[in-house]
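Scroll down for the structure; my scribbles are underneath it.
4 protein chains.
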Amino acid sequence: MDTEKARILLSGDQYALLTGIEVDEASIGYCRAHMNIEKKHLNAAGVVQGGAIFTLADLAFAVASNSRGQLALAINANITFLQGRSSGTLYAVATEVAEPGRLGAYDVLVSDEQDRVVARFNGMVYRKKGT
Amino acid sequence: MDTEKARILLSGDQYALLTGIEVDEASIGYCRAHMNIEKKHLNAAGVVQGGAIFTLADLAFAVASNSRGQLALAINANITFLQGRSSGTLYAVATEVAEPGRLGAYDVLVSDEQDRVVARFNGMVYRKKGT
Amino acid sequence: MDTEKARILLSGDQYALLTGIEVDEASIGYCRAHMNIEKKHLNAAGVVQGGAIFTLADLAFAVASNSRGQLALAINANITFLQGRSSGTLYAVATEVAEPGRLGAYDVLVSDEQDRVVARFNGMVYRKKGT
Amino acid sequence: MDTEKARILLSGDQYALLTGIEVDEASIGYCRAHMNIEKKHLNAAGVVQGGAIFTLADLAFAVASNSRGQLALAINANITFLQGRSSGTLYAVATEVAEPGRLGAYDVLVSDEQDRVVARFNGMVYRKKGT
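Chains as they are written, first to last, in my numbering: chain A, 1 to 131; chain B, 1001 to 1131; chain C, 2001 to 2131; chain D, 3001 to 3131.
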């Protein structure tokens, strides 16, 4: 996958579009995406809702895990929320933990503009044979 | 917390409103919410995006974990995706795992209209002293 | 699987034996096991090491997830440590979250003799076709 | 923390000693440990039990997260099992995800002698004020 193909994948993802996520760069096993924080992302406490941070990380994870052509189904994700944010831009960088087989593991770090880690996301995919 | 107060909390959560989540019932340590699947929730494969399912579960988790008056901060969530769905309604039921202390654990099951489990969500909160 | 078969499975698990885990009861999608806390389970802070609690929960998870005859491989587990313990007995009860397919989800609660929850464990298995 | 202090911490951890874990190197926010696979680590299927892999990762996590002097309590861990192993040596390398505050996040990769990733472990700690 390259950045162009990742943007095509994103353009078919209605929920990522609704959330306002943009892909910056994609390659094999890698994706960087971002989201400009708007009022629509906030929860009742005035910070970005966990679901919005998850969706940003999940999109980067989907692009990175599908970057080898074979369909990868997300089966598990674990997210740790380290700091809250109410404005600015959030960046998600997804990387591949190991040479993927039937199961694949991906790490995503969500950071702010000063590179402070806001959330850590660890995803897992399953790949069907011969697709 | 009762259902009325949960709806007030929801009404301040912009991202849950954007996602179209509604609270059905809330009490101490408990919340049931739902989301009618629409086109806006789908990913590029035509099934509900993981982030939308997460957001539904997360809202039920937030209501259940904040139901005792003291502010509960979500610090970790683990989600397992068991089945995909592209239409109908999804329900999230959040329950308290144990009598909460400084740390609290909550389970959320996301099911479809036939009570088939679509996703399992396990959340963890931290409560500050004296709030 | 019944309790007798679960004990045979346990008798082949060297690490569970080393740890001192015993199976109390097993049936389809269910297992209860226990571990009497001894000095060998403690960490440098004098409480039961996270790995010992994990191993107890994992054994109950393995019995419950393999209770239908088909081999189930553990692929993910998430554990939340709620309270520490340094003496007494710990019990683990594993249950099935949903009618299992290729993927299965299991919950395990680890409690003390007063039924206070010490840890929550959420496991996930993958089953190969036709085994 | 340096390697010498990490070995002293390990020498008080009965369960890690029982499991046969050794610390190779430790510094601020970092630890590498290993475990030579023996018969005592195997499960009924003849591969290293998930609990033994968890315990190895958990020890490296404990050393790395306690390396700054302040007591760090493990509150959550997520582990993904990518490949099974029945002989050889397993290595765990723990690193700090972000400059730690009250909450800290640590990643541990467990690999074999050929640097193939066997398991991924993501841990979370809580630090009490003023200790």
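Glycine included, C-beta positions come from ideal geometry on N, C-alpha and C. Values in this document were obtained by computation on a predicted structure and should not be read as measured data.
Any chain B beta carbon closer than 7 Å to residue i
i: Phe54/A; result: yes
i: Tyr15/A; result: yes
7 Å Cβ cut-off: residues of chain B touching residue i
i: Val2117/C; result: Val1097, Ala1098
Residue i at chain D interface by Cβ criterion, 7 Å
i: Lys2040/C; result: yes
i: Met1001/B; result: no
i: Tyr2091/C; result: no
i: Asp2107/C; result: no
i: Asp2058/C; result: yes
i: Thr1131/B; result: Reliability fails at Thr1131/B, whose pLDDT of 48 lies under 50, so the model's placement of it is uncertain and no value is given.
Residue i: contacting residues in chain D (beta-carbon distance under 8 Å)
i: Met1124/B; result: Ile3075, Asn3076
Per-residue contacts from residue i into chain B (C-beta, under 8 Å)
i: Leu3103/D; result: Ile1075, Tyr1126
Buried/exposed call for residue i, threshold 16 Cβ in 10 Å
i: Asn3043/D; result: buried
i: Ile1028/B; result: exposed
i: Arg1102/B; result: exposed
i: Ile3079/D; result: buried
i: Gly3138/D; result: As displayed, chain D neither begins before 3001 nor continues past 3131, which places residue 3138/D out of reach and without an answer.
i: Leu3071/D; result: exposed
i: Gly12/A; result: exposed
i: Asn2076/C; result: buried
i: Gly2123/C; result: buried
i: Gly3050/D; result: buried
i: Lys1128/B; result: exposed
Within-7 Å CB hit, residue i to chain A
i: Thr3080/D; result: yes
Contact set between residue i and chain C, taken where Cβ atoms lie within less than 9 Å
i: Gly3012/D; result: Leu2042, Asn2043, Ala2044, Ala2045, Gly2046
Chain-ordered chain C contacts of residue i [CB-CB under 7 Å]
i: Leu3009/D; result: Ala2044
Whole-Å CB distance - residue i paired with residue j, under 8 Å assumed
i: Val3118/D; j: Leu3059/D; result: No, Val3118/D and Leu3059/D are not in contact; Cβ-Cβ is about 16 Å, not under 8 Å.
i: Val2962/D; j: Phe3061/D; result: Residue 2962/D falls outside the range modelled here, since chain D spans only 3001 to 3131, and no answer is possible.
i: Leu1090/B; j: Met1035/B; result: 5 Å
i: Leu1056/B; j: Val1110/B; result: 6 Å
i: Asp112/A; j: Arg85/A; result: 6 Å
i: Ile1021/B; j: Leu1010/B; result: 7 Å
i: Ala26/A; j: Val63/A; result: 5 Å
i: Ala52/A; j: Thr19/A; result: 6 Å
i: Val2097/C; j: Arg1007/B; result: Incorrect: roughly 28 Å between the Cβ atoms, too far for contact.
i: Thr95/A; j: Tyr15/A; result: Incorrect: roughly 23 Å between the Cβ atoms, too far for contact.
i: Ser65/A; j: Val125/A; result: 5 Å
Neighbour list for residue i in chain D, Cβ cutoff strictly below 7 Å
i: Arg152/A; result: Chain A is shown from 1 up to 131; residue 152/A falls before or after that span and cannot be answered.
Residue-level contact to chain C via CB, residue i, 7 Å cutoff
i: Arg1120/B; result: yes
i: Gly3088/D; result: no
Partners in chain C for residue i, counting only beta-carbon separations shorter than 8 Å
i: Gln3049/D; result: Asp2013, Gln2014, Tyr2015, Ala2016, Thr2055, Asp2058
Checklist entry - Which runs of the beta strand (DSSP E), 3 residues or longer, sit entirely within the stretch 71-104 of chain A? => result 72-81, 89-96
Item to check | alpha helix (DSSP H) segments (min. 4 residues) lying fully within the stretch 2006-2035 of chain C | outcome: 2014-2019
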